[in-house]
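If you're matching them up, the sequences are chains A and B in order. One point on numbering: in numbering that gives the first Met the number 0, the residue at position 194 of the first sequence is 193, and numbering is uninterrupted. One point on numbering: in numbering that gives the first Met the number 0, the residue at position 160 of the second sequence is 159, and numbering is uninterrupted. Notes follow the structure.
Protein chains: 2
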Amino acid sequence: MSSASMDGSSSQKSRGRRSRTDAGGGAVTLRDVAKLAGVSVATASKALNGQPQVRAETRARVVRAAEQLSFSPNTLAQGLITQRSGTVGLLTSDLEGRFSMPILMGAEDAFGVDEISVFLCDARGDNVRERHHLRALLSRRVDGLIVVGARPDARPSLGRDLAVPVVYAYSPSADPRDLSLVTDNVGGARMAIDHLVQYGRRRIAHITGDATYGAAQDRASGAVDRLAEHGLELAGDQPWFGSWSEAWGRGATRMLLQRCPDLDAIFAGSDEIARGVLDVLHQEKLAVPSQVAVIGFDNWNILAANARPPLSTIDLNLEQLGRLAAQRLFAAIDGDVGSGVETVPCRLVTRESTAPLG
Amino acid sequence: MSSASMDGSSSQKSRGRRSRTDAGGGAVTLRDVAKLAGVSVATASKALNGQPQVRAETRARVVRAAEQLSFSPNTLAQGLITQRSGTVGLLTSDLEGRFSMPILMGAEDAFGVDEISVFLCDARGDNVRERHHLRALLSRRVDGLIVVGARPDARPSLGRDLAVPVVYAYSPSADPRDLSLVTDNVGGARMAIDHLVQYGRRRIAHITGDATYGAAQDRASGAVDRLAEHGLELAGDQPWFGSWSEAWGRGATRMLLQRCPDLDAIFAGSDEIARGVLDVLHQEKLAVPSQVAVIGFDNWNILAANARPPLSTIDLNLEQLGRLAAQRLFAAIDGDVGSGVETVPCRLVTRESTAPLG
DNA sequence: CAGGCACCGGAAAACGTTTTCAGGAATTCG
DNA sequence: CGAATTCCTGAAAACGTTTTCCGGTGCCTG
């Protein structure tokens, strides 16, 4: 071997040829494998890819050579000719990673590890950064894109002329011709209400976050509607909108206890708010759940599981959403592009902050 | 799932030539640009890459053609010949993304968006999954790797024969010849103590997490040592190890209040623990910070900023750690490989749970 | 024994770039 | 005016694969 080019002496970049038994996925190429196995590159390729037109004995020889050199095929070259990079881009605007991470994990599950790798790009809510990332990803010839928003409201479409399929997760695209996957906030709220009603609660209040969030509206209307179907009304007359914070949870609870001291359950629009609610209930010596039941939303584990008592809540099934996004993306890559908004159901997580009355 | 896929009629692979004004980073290649500009591929390449050997007028023509076709160079092909993929792998085992996300963001900052893209892989603490991801990343010819651990204790090295440089972040590698970047737990603890002492506190207790964590040990010993330098001792005689949970924070605080009712500050080993501490202090009607000051560790925003009162804490500077990791990786890629463990200083975040005594 | 067939392996083109090298035109100099 | 120099452009090789096609065996069949 080594013959090839002894130019190494001069060049400043000492990319010298590796020794024969090069460990690690170094610069060993299919040619090296072929040479060691005593076959041509073409045959080596076919042998390793399980093509039928190669004798078993030959194949074995090639495979042995490959692992002896710990050959690892150059995915870039493969992608160049197959026109598939085997990568997808996950474009998020979610600072905390609260939503992206579970979705990423779901997606990783759905794509096999050795099939697809994921580029993660955080646009940080900045539009120009998003365009930059988009350019970069397209330039890398990703096979598809998953766009994860920071909040469950519609976001501008990336556009319809994009050369690769796109799936929007969590934040739907404003363009209904795109395919979007979102959590079922209405359904989740109904679950929460059903749970409380089933436990004998009748005077249920709802404290939730910023009214400009679609999620807040959906959860509130889901709650109101479902209560109505049970022949009930919201304690405190209306949903209390505010902000997604513990502080608001505390403030709203104090106010609420003034207005209707006889309530027996509070449905909080998020786990953060629920923490604030719990805090004030303790302060006011109201026992949870025996006097007042509390249920949250999101199943943000660090908040919900560590609450006192541990918080019943509605899980968003984000990981499943990620898996689904990946599956839909796969389908789209294979030519089966969908459109519209698809909804992923929530899941009730029962802990100790809710219990049957009496 | 509408129309679209009904192309099945004819060829299954409809890779036809695009129309001239193809928008989106489609299949438009440098050849197309060259043709439109009336030059050769070679010249087009040089023109776009700012090579000096091309006339200004020609360059302009090429550039115009390129943007007219919205040409976007195929990074795979580029990587194939330059031997640089322009990608790095971020290999994490950190489920929640509590540590990975800030580090990822720091790394993204340090790499320019259009220079380097990041593959994010979550091994979920599973060793074989990690090997798989590693294989895949090497196969994709990443230019480097950042390995992010889930806890700040040494982890097994990926090995020294890896063909690409590796930087370990948060969890150091067990092999001292690797380069690792970690947070300064000892220094952070000293900061916390200094802060409390400066505010006139003298009877300071320390409640912290799992004793098997290096972080717990480091923070504890940092606290003890620094107190000693101030001529003080830990209230409650020793650091109280337990678990990284609110529940332990609550339990330990109750116990501590029994043993030394006169303490005037609690240094918690994490923000979670601090939340538990605050909870019990309220319950016992001890005013924070006037009677007892509380300081946490981690600056986990959702916990610290929303506490009542907002929690002073020690920030881990994870984003900076990520930036630094990226810089070190760059250096290593350029041949300047380092080794050993480098420490990133913490930062004191003052909120309302600490204040001068009296 | 000639022709057909199944089987196996190799040569070569292709993917989309970058880079080296050579050559033509225009300019300058002696 | 011829030669040397500078400037620009293009042809071709290279990167590491996959895939198509073709040719050479050896074997069976007529």
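Built from N, CA and C at the ideal position, the CB exists for glycine as well.
For Leu302/B, the uninterrupted alpha helix (DSSP H) segment begins and ends at 300-303. Contact of Glu107/A with chain B is assigned, a C-beta pair being separated by under 8 Å. CA-CA distance, Ala191/B to Ile294/B, rounds to 7 Å. When the alpha-carbon of Arg202/B is set against those of Pro72/B, Gln282/B, Pro151/B, Arg258/B, the nearest one is in Arg258/B. Straight-line measurement puts the Cα of Ala41/A at about 53 Å from the Cα of Asn300/A. Annotation: the continuous alpha helix (DSSP H) that includes Ser138/B extends over 126-138. With its beta carbon at least 8 Å from every one in chain A, Ser92/B lies outside the interface. Cβ-Cβ distances below 7 Å link Ala173/A to Ala153, Arg154, Pro155, Ser156 in the same chain, with the five nearest sequence neighbours on each side left out; the list follows chain order.
Taking 8 Å as the cut-off, the Cβ atoms of Trp247/B and Gly221/B do not count as close. When Cβ-Cβ separations below 8 Å define contact, Ser352/B makes no contact with chain A. Rounded to the nearest angstrom, the gap between the Cα atoms of Leu47/B and Phe266/B is 58 Å. Here the stretch 207-220 of chain B lies against the stretch 228-243 of chain B, with 3 or more beta-carbon pairs under 8 Å apart.
When C-alpha distances from Ser99/B are compared across Val146/B, His194/B, Leu323/B, the shortest belongs to Val146/B. Scanning the stretch 46-131 of chain A for uninterrupted alpha helix (DSSP H) segments of 4 residues or longer gives 55-67, 74-81, 99-109, listed from N- to C-terminal end.
At least one beta carbon of chain B lies nearer than 8 Å to the beta carbon of Asp113/A.
DSSP places Ala215/A in the uninterrupted alpha helix (DSSP H) bounded by 213-228. Within the stretch 239-256 of chain A, contact with chain B at the beta-carbon level (separation under 8 Å) is assigned to Ser244, Glu245, Ala246, Arg249. The C-beta of Phe98/A comes no closer than 8 Å to any C-beta of chain B. Rounded to the nearest angstrom, the Cβ distance from Asp108/B to Arg322/B is 6 Å, consistent with a contact under 8 Å. The C-alpha of His132/A is placed about 36 Å away from the C-alpha of Leu347/A.
The Cβ atoms of Val32/A and Thr57/A do not sit closer than 8 Å to each other. Contact annotation, Pro355/A with Gly199/A: C-beta distance approximately 6 Å; criterion of less than 8 Å satisfied. When the beta-carbon positions are compared, Leu137/A and Pro72/A stay at least 8 Å from each other.
The residue among Ser92/B, Leu90/B, Ala65/B with its C-alpha nearest the C-alpha of Lys34/B is Ala65/B. Of all residues in the stretch 262-292 of chain B, only Glu271, Arg274, Gly275, Asp278, His281, Gln282 come within less than 9 Å of chain A when Cβ atoms are compared, listed by chain position. Inside the stretch 136-222 of chain A, DSSP marks whole alpha helix (DSSP H) runs of 4 or more residues at positions 184-197, from first to last along the chain. Using a Cβ-Cβ cut-off of 8 Å, Glu95/B counts as an interface residue toward chain A, since at least one Cβ of chain A sits closer than that to its own.
A direct Cα-to-Cα measurement between Asp93/B and Pro51/A gives close to 42 Å. With the criterion set as a beta carbon lying under 8 Å from some beta carbon of chain A, the members of the stretch 52-83 of chain B are Ser71, Pro72, Asn73, Thr74, Leu75, Ala76, Gly78, Leu79, Gln82, in sequence order. Leu89/A is the residue among Leu89/A, Pro344/A, Arg60/A whose C-alpha sits nearest the C-alpha of Phe118/B.
At least one beta carbon of chain B lies nearer than 8 Å to the beta carbon of Asp121/A. Along the stretch 33-53 of chain A, there is no position whose C-beta sits under 7 Å from a C-beta of chain B. Boundaries of the beta strand (DSSP E) harbouring Glu341/B: 339-343, taken from the DSSP string.
Counted as a single uninterrupted DSSP element, the stretch harbouring Thr349/B is not any alpha helix (DSSP H), since DSSP gives it neither H nor E.
Only buried fits Ile313/A, as 16 or more other CB atoms lie within 10 angstroms of its CB. Excluding five sequence positions before and after Leu255/B, the CB atoms of its chain that fall closer than 6 Å to its own CB belong to Ala204, Gly235, given in chain order.
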